[in-house]
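Below: the structure, in structure tokens.
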């Protein structure tokens, strides 16, 4: 390692500013998983019988499944009997206003910069927020404004009670419980998440976002998000997430399902900042997530944008089933792995409808001993006439102990398909850094500028107010202790 | 402005500069010529503070400060500018972004107010005209897909913007056709005044037809073997480096 590489590596030693713990009494189930635990979760949520049965069936399927081992990830097996599957801060039920929310919870979100007060704005824009703390939603803002537009935005546990028909119709319709090991586990024990329904022809009047916070020790977070965009509607949704710094690994296994009807568009953005573990790889979140959307109708569009900077392990492949003719699927990703972080992430674009199009732009940044893998599948079914795909996977390496890997898969069953794949790997050059410093920039600013330039094509897909956040986050991740 | 005394420097353990002495006063232009491998570019890199170039002895005083003691970015902010022989590409970072970051780093260092977007744009458009650079280049990635000549013009644009006290032009003429050379020379000459000093590192006399130096130095084997006025460059052009090297050996 040359001196500059050492400096580069030290530049990416991040300080995790969200790593604090909120001291609050919690109602936490003892560790362990069995049918009784599932019954307790369901009872605590006061769920209808159909959902309990759905959970139990998922659990039984899960018992027969094995942990997936095909990803380019190395970690000690997770003891799922050692985790608590439910933890909720103790507070009064049915909160009508912010005044009734425990101030310590509000303080937590305040510290994280999440506007849970409707008077507060994020980067000058009003954003509706559903704040999920461990296993429950503590507050959802702008519900009234949204309902005037006909938009439903509420915690999933509330939707189950208030809109059981919608939930019954769509829950598990895109990601079936039996889809994979982690989706089955999630289906059995999921405790919270957000539900969004945009009626026909409605353009959601503001950005929606859910902010997930893990706080309790030895618990897993298993949230489930369901977004349904009816014909010719539009919604832009963002999720963010953080967790305290702990020496133990914590499991996060989420499921996100998106449904876009004819002419509808869903833009789903993620800024993932779970605790990544320390320099030596101790602690951090294991992030095993299944995200999938279906472009059901003609001309529908689903766009995934993700900025993955946290987690010790990231395993996620936000995918699009392009069922409708002329439907569009997009995946824009920036994944940063530093220290001992590992990420195996990418997408699946399944072309079913005619003239369906997909775009994949993946930017992987590896630093320290980080390992970053892009894994993507482009599948064109027999009936998908004139399907188009463009994939671009770029990797940026900092230092000589990290790794970048690309696993592109293609299954093309229709000869009219046009599929393009481009991939590059580069290293932040000493020459680039020296050039910037010779123009008066500090080394930190130079690294941050070069990395942001590398990620630009993805950042421009983020909603404006979040692009700023994402840039800052990468800035923080790359902030170092240059002497 | 700049005083180099008995400067020795190594690259990968190999001594390249073997005792350079050079005095540059305000307003002077010094051309440093020499055959390939004589240490011209090494001298430029050492003055700018590039990594992996180790100064083993000697001193460099710049405006009454120890230049060698400063980080590269501090040298830049103090007014030392290097026009690179091979300007690098930075994908995704627009030229204007880099230019604005650069000028503001300098202004901040001087304790002056940083430029806002409006005043910066006004200034950069004016400077771009000086090197006949189309505005679209300002919005492209730094040097991304630029031709050799465009890259060099971009270096001069940066120099014009930053208005350095001491500019070091490292083979700025290499790879330029005659039209591009004239544009670059015009840009450089426009910056010339009695306060600013320049060091032109070049292989050929050609550049010196357009930017007329006050002094010419010939570098060979890591030392300056001969200094003179601009006529020395013409003599070199005529007789070649071999002539002067053999003279130096004889002496």
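Protein chains in written order, with my numbering: chain A, 82 to 564; chain B, 1498 to 1748. Using N, Cα and C, we set each Cβ at its ideal position, and we do this for glycine too. Computed from a prediction, not measured in an experiment: that's the story for all the values here.
Which chain A residues sit within Cβ distance under 8 Å of residue i?
| i | result |
| --- | --- |
| residue 1562 of chain B | Per Cβ cutoff of 8 Å: no residues; residue 1562 of chain B is ~16 Å from chain A at best. |
| residue 1579 of chain B | 519 |
| residue 1685 of chain B | Neighbours of residue 1685 of chain B on chain A: none; closest Cβ ~18 Å, over 8 Å. |
| residue 1603 of chain B | 521 |
Compute the Euclidean distance between the alpha carbons of residue i and residue j, then round it to the nearest angstrom.
| i | j | result |
| --- | --- | --- |
| residue 245 of chain A | residue 1641 of chain B | 55 Å |
| residue 358 of chain A | residue 398 of chain A | 22 Å |
| residue 315 of chain A | residue 290 of chain A | 14 Å |
| residue 1600 of chain B | residue 466 of chain A | 53 Å |
| residue 1575 of chain B | residue 442 of chain A | 41 Å |
| residue 233 of chain A | residue 1569 of chain B | 56 Å |
| residue 121 of chain A | residue 271 of chain A | 12 Å |
| residue 46 of chain A | residue 496 of chain A | With chain A running from 82 to 564 in the structure shown, residue 46 of chain A is simply not present. |
| residue 302 of chain A | residue 295 of chain A | 7 Å |
| residue 141 of chain A | residue 530 of chain A | 50 Å |
| residue 274 of chain A | residue 1583 of chain B | 53 Å |
| residue 104 of chain A | residue 185 of chain A | 8 Å |
| residue 396 of chain A | residue 370 of chain A | 6 Å |
| residue 168 of chain A | residue 305 of chain A | 16 Å |
| residue 249 of chain A | residue 227 of chain A | 22 Å |
| residue 409 of chain A | residue 542 of chain A | 15 Å |
| residue 1514 of chain B | residue 400 of chain A | 59 Å |
| residue 474 of chain A | residue 349 of chain A | 20 Å |
| residue 561 of chain A | residue 98 of chain A | Unreliable placement is indicated for residue 561 of chain A, whose pLDDT of 36 sits below 50; the coordinate value is still reported in the next sentence. Approximately 13 Å between the Cα atoms of the pair. |
| residue 1733 of chain B | residue 1589 of chain B | 44 Å |
| residue 1716 of chain B | residue 1571 of chain B | 28 Å |
| residue 242 of chain A | residue 457 of chain A | 37 Å |
Just to make sure I have the definition right: I need the residues of chain A whose C-beta is within less than 9 Å of the C-beta of residue i. Which are they?
| i | result |
| --- | --- |
| residue 1655 of chain B | 520 |
| residue 1643 of chain B | Residues of chain A passing the Cβ test: none, with the nearest at roughly 14 Å. |
| residue 1667 of chain B | In chain order: nothing, as chain A lies at least about 11 Å away. |
| residue 1635 of chain B | In chain order: nothing, as chain A lies at least about 15 Å away. |
Under a Cβ-count criterion, where at least 16 other Cβ atoms within 10 Å of its own Cβ denotes burial, should residue i be classed as buried or exposed?
| i | result |
| --- | --- |
| residue 1529 of chain B | buried |
| residue 1675 of chain B | exposed |
| residue 84 of chain A | In this prediction, residue 84 of chain A scores a pLDDT of 48, lower than 50, which makes its location untrustworthy; the coordinate-derived value is nonetheless stated afterwards. Classification of residue 84 of chain A: exposed, given that the 10 Å Cβ count is below 16. |
| residue 131 of chain A | exposed |
| residue 419 of chain A | buried |
| residue 422 of chain A | buried |
| residue 151 of chain A | exposed |
| residue 564 of chain A | Confidence is the limiting factor: at residue 564 of chain A the pLDDT is only 21, short of 50, which leaves the residue's position unreliable, though a coordinate-based value still follows. Exposed: under 16 other Cβ atoms inside 10 Å. |
| residue 82 of chain A | In this predicted model, residue 82 of chain A has a pLDDT of only 39, less than 50, meaning its place in the structure is not dependable; the value taken from the coordinates is given anyway. Exposed, since its Cβ has fewer than 16 Cβ neighbours within 10 Å. |
| residue 1668 of chain B | buried |
| residue 55 of chain A | Residue numbering for chain A in the displayed model covers 82 to 564; residue 55 of chain A lies beyond these limits and cannot be assessed. |
| residue 1564 of chain B | buried |
| residue 1607 of chain B | exposed |
List the DSSP bridge partners of residue i.
| i | result |
| --- | --- |
| residue 502 of chain A | A:472 |
| residue 489 of chain A | A:457 |
| residue 1576 of chain B | Beta-bridge pairing links residue 1576 of chain B to no other residue. |
| residue 1725 of chain B | B:1713 |
| residue 442 of chain A | A:413, A:473 |
| residue 1502 of chain B | B:1556 |
| residue 1512 of chain B | B:1507 |
| residue 1720 of chain B | B:1717 |
| residue 147 of chain A | Residue 147 of chain A pairs with nothing; no bridge assigned. |
Could you tell me which chain A residues have their CB closer than 7 Å to the CB of residue i, listed as they occur along the chain?
| i | result |
| --- | --- |
| residue 1570 of chain B | 518, 521, 522, 523 |
| residue 1587 of chain B | 513, 531, 534 |
| residue 1574 of chain B | 521 |
| residue 1547 of chain B | 515 |
| residue 1544 of chain B | Neighbours of residue 1544 of chain B on chain A: none; closest Cβ ~11 Å, over 7 Å. |
Would you mind telling me which residues of chain B sit closer than 9 Å to residue i, beta carbon to beta carbon, in chain order?
| i | result |
| --- | --- |
| residue 338 of chain A | Near residue 338 of chain A there are no residues of chain B at all, since even the closest Cβ is about 33 Å away, more than 9 Å. |
| residue 510 of chain A | 1585 |
Could you work out which residues of chain B lie near residue i, taking near to mean beta carbons separated by less than 7 Å?
| i | result |
| --- | --- |
| residue 537 of chain A | 1589 |
| residue 484 of chain A | Those do not exist, as residue 484 of chain A stays about 21 Å from chain B at its closest Cβ, beyond 7 Å. |
| residue 481 of chain A | What residue 481 of chain A touches in chain B: nothing, since even the nearest Cβ is about 16 Å away. |
The segment 1656-1670 of chain B contacting the segment 1594-1613 of chain B, beta-carbon criterion three pairs below 8 Å: Output reads yes: the segment 1594-1613 of chain B touches the segment 1656-1670 of chain B.
Three or more C-beta pairs below 8 Å linking the segment 1546-1565 of chain B and the segment 494-507 of chain A: Output reads no: the segment 494-507 of chain A does not touch the segment 1546-1565 of chain B.
Contact between the segment 1513-1526 of chain B and the segment 1704-1723 of chain B (3+ Cβ pairs under 8 Å): Judged by Cβ distances under 8 Å, the segment 1513-1526 of chain B makes contact with the segment 1704-1723 of chain B, as three or more pairs qualify.
At least 3 beta-carbon pairs within less than 8 Å: the segment 511-523 of chain A vs the segment 437-457 of chain A: Contact fails: fewer than three Cβ-Cβ distances are below 8 Å.
The segment 365-376 of chain A touching the segment 102-115 of chain A, judged by at least three CB pairs closer than 8 Å: The segment 365-376 of chain A makes no contact with the segment 102-115 of chain A; the number of CB pairs closer than 8 Å stays below 3.
Sufficient close CB pairs (3 or more, under 8 Å) joining the segment 473-490 of chain A to the segment 1610-1622 of chain B: With a cut-off of 8 Å, the segment 1610-1622 of chain B and the segment 473-490 of chain A do not count as touching, because too few Cβ pairs lie within range.
Inter-stretch contact (C-beta, 8 Å, three-pair minimum) for the segment 1630-1638 of chain B and the segment 1537-1549 of chain B: Touching, no, given that fewer than three Cβ pairs across the two stretches are closer than 8 Å.
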